[in-house]
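Undergrad: So that we are looking at the same thing, I have put the structure below in structure tokens.
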Amino acid sequence: MVVDAAGRAVVLETGRLRMRAWRVAEAGVQRELWTERDPRVPPHRRIDAQGRPTVGDLEDSIRDDEFWSTGLLAVERKATKDVIGYCGLFDGGRGTPEEPDLAFELLRRVWGQGYATEAARAVLEWARASGYERLWATVWDWNVASRRVLAKVGFTETARTVVDAERGTTLFTTIRL
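With UniProt numbering applied, the sequence shown corresponds to residues 1 to 177, in that order.
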């Protein structure tokens, strides 16, 4: 569960969204995100040949509070109460505990409605208020929509990249808060 410095569960709200800890019953949304991923995404982030992770695997992960399942906040639309993806900070990619990565992923059916930008802005406001001075985000060069979201919220691309002949180039972006 994502907690603030005082140990309280983080809940962020915008005009249309509420971001909060995942619930076990929402494992199906996580599974749907896994099934929708581009084939260029690394295999460890896609459904494997045995069909894993299954909904049951993801339920267990949420129940056990495993980071890869719950380290990012569920993004829920206030009007319909449905979870449409995740957004938050994590210590992966380029990130460290002092300068974490921003990450977001939304279901395809809600792409193009401004939810990723809205969620990212809320996380940035929370990060600023929490004392973070700089954040990172990595993005594939071919992921134009996510690159656009990062630019809208103020991230700039750095000169650092990692080239993968099979999957494309990973771009490193950053923002000073």
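Idealized CB from N, CA, C, for every residue including glycine.
In this text, all values refer to a predicted model and were calculated from it rather than measured experimentally.
Do A120 and F104 have their C-beta atoms closer together than 8 Å?
TA: yes
Undergrad: Nearest to G114 by alpha carbon, out of H44, V75, A9 and E99?
TA: Checking every option, the nearest Cα to that of G114 belongs to V75.
Undergrad: Measuring only the C-alpha atoms, how far is A31 from R128?
TA: Per the sequence shown, residue 31 should be read as Arg rather than Ala. About 31 Å.
Undergrad: Look at K78 and R16 and say whether their C-beta atoms are less than 8 Å apart.
TA: A contact, by the Cβ cut-off of 8 Å.
Undergrad: Would you say the stretch 124-143 touches the stretch 158-174, given that touching needs at least three Cβ pairs under 8 Å?
TA: yes
Undergrad: Taking only the alpha-carbon atoms, compute the straight-line gap between E26 and E157 and give it to the nearest angstrom.
TA: Pairing E26 with E157, the inter-Cα distance amounts to about 33 Å.
Undergrad: Here's the rule I'm using: 16 or more other beta-carbon atoms within 10 Å means buried, otherwise exposed. How should T35 be labelled?
TA: exposed
Undergrad: Can you check which of these residues, E98, F155, S146 and T161, is closest to G131 by C-alpha distance?
TA: E98
Undergrad: My guess is that R134 and I175 are in contact by the Cβ rule of under 8 Å, so how many angstroms apart are they, rounded?
TA: 7 Å
Undergrad: Rounded to the nearest angstrom, what separates D57 and L124 at their Cα positions?
TA: 30 Å
Undergrad: What does the Cβ neighbour count give for G88, buried or exposed, with the cut at 16 atoms within 10 Å?
TA: buried
Undergrad: Less than 8 Å between the C-beta atoms of V29 and M19, yes or no?
TA: no
Undergrad: Mark P53 as exposed unless 16 or more other C-beta atoms lie within 10 angstroms of its C-beta, in which case mark it buried.
TA: buried
Undergrad: Using the beta-carbon count (16 or more within 10 Å), is E13 buried or exposed?
TA: exposed
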